[in-house]
Structure formats: structure tokens, C-alpha cells
Amino acid sequence: MPMGQMPVLEVDGKRVHQSLAMCRYVAKVVGVAGNNPFEDLQIDAIVDTINEFRLKIAIVSYEPDDAVKEKKMITLTQEVIPFYLTKLNVIAKENGGHLVLNRTTWADIYFAGIIDYLNYLTKLDLLENFPNLREVVEKVLSNENIQKYIAQRPVTEV
Ligand SMILES: N[C@@H](CCC(=O)N[C@@H](CS)C(=O)NCC(=O)O)C(=O)O
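Going by UniProt numbering, the letters in the sequence shown line up with residues 1 to 158, in that order.
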């Protein structure tokens, strides 16, 4: 493990770390990346936004002091979550049920892959009032190969 952390991707016997770098690489290999540098920039901007949102949720969820956590949770649920999800929902509407470029990219797949974890951390159904974001996730989960992967993947107890 190059940095002593997971995940690690092994390609032709060489090991590489950093999950987003791996996603970007795999997206190019399987054809869900941008078709030019500007499209890649647009995808990266959305993925970085999702990741920023994830970090803001994680920092509150893993807060060890219960009183501090309770206070931060109010700002998170009343301000931070509605801010990000309202903006992303509009973006998803403008992009025909995708997060960018009006087509399936790894930004959609990243979002669909992370939303269960965010629901788990917040103990909420985050997409309850965001139908366009639900559509993004449904489109990803309707992909035949993704369905096959989900059916076969190891079960994680949380
Ligand atoms: N930025 C890295 C973060 C990797 C990371 O934090 N991995 C955790 C597991 S989710 C880990 O291996 N922790 C064990 C450790 O740091 O000793 C990525 O996205 O791959």
C-alpha cells in the first residue's frame, strides 16, 4: 500500500492509491469521462462539489463531543444540506437527470455510489425532496452492469 491506506488499485502489477484518481482513471478506461479537457474540468468540478458536501457531513457525523455535534447538526441539516442539494437538484434538472454534460459520466456514478453512505451518516433520506437527484441515482442503478456488480458485491455489515 503506497500510503498505508485503502483503497489501492492494482494495474499490471503496479499499485496506485487515492480513490478519486482511481475513479478518474477507470472512467477514462470505460468511457464515462469527458471527451475533451473542458468536459473533464466540468466533471471534476461536480465531483469536487459532491466531495466537499461529503466532508461537511463527515466532520459533523464523526464529531466526538455530543453537545458540539448536536449544535453542528442543526447548521448541517438547516443550512448546509439544503444549500448543496437544492443547487445540485437544479443542476440535475438542467442536465436531463444527470449531474453534468447531459449524459452519464463518472460524476453520476460517484454520486449514486456515495448517497447511501451519506444517508447512513446523517440518518436521513437526503433525496426525499430532490426528485432530479433521485433520477440521477435511478439512472445509474438501472445500468445492467452496475446491477450485476451490486448483486455480486460482498455484503458490508454497518
Ligand atoms: N484521500 C484518500 C483517503 C484514504 C483513506 O482515508 N483511507 C482510510 C480508509 S477509508 C484508511 O485506509 N485508513 C487507515 C489509515 O489511515 O491507517 C482516498 O480517497 O483514497
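From the three backbone atoms N, C-alpha and C, an ideal C-beta is built for every residue, glycine too.
A quick note: this is a predicted structure, and the numbers were derived from the prediction, not measured.
Nearest to alanine 92 by alpha-carbon distance, out of Ile81, Glu135, Lys72, is Glu135.
Note on the UniProt domain "GST N-terminal" (1–34): whole alpha helix (DSSP H) runs with a minimum of 4 residues are 19–30, in chain order.
With a cutoff of 8 Å on beta-carbon distance, valine 137 and alanine 107 are scored as not near each other. Taking C-alpha positions only, aspartate 125 is separated from asparagine 102 by approximately 25 Å.
With a cut-off of 7 Å, the C-beta of glycine 4 is classified as near ligand 1, since at least one heavy atom of the ligand falls inside that distance. Of all alpha-carbon atoms in Gly97, Met6, Arg15, Phe130, the one lying nearest the alpha-carbon of phenylalanine 83 is that of Phe130.
When Val155, Ile81, Asn143 are compared, the shortest CA-CA separation from glutamate 128 is found for Ile81. Counting along the chain, no alpha helix (DSSP H) covers proline 64, and no H or E run does either. The three-state secondary structure of glycine 96, taken from DSSP, is coil. Within the same chain, Leu99, Val100, Ala107 come within 7 Å of isoleucine 46 by CB-CB distance, once the 5 residues on both sides are set aside.
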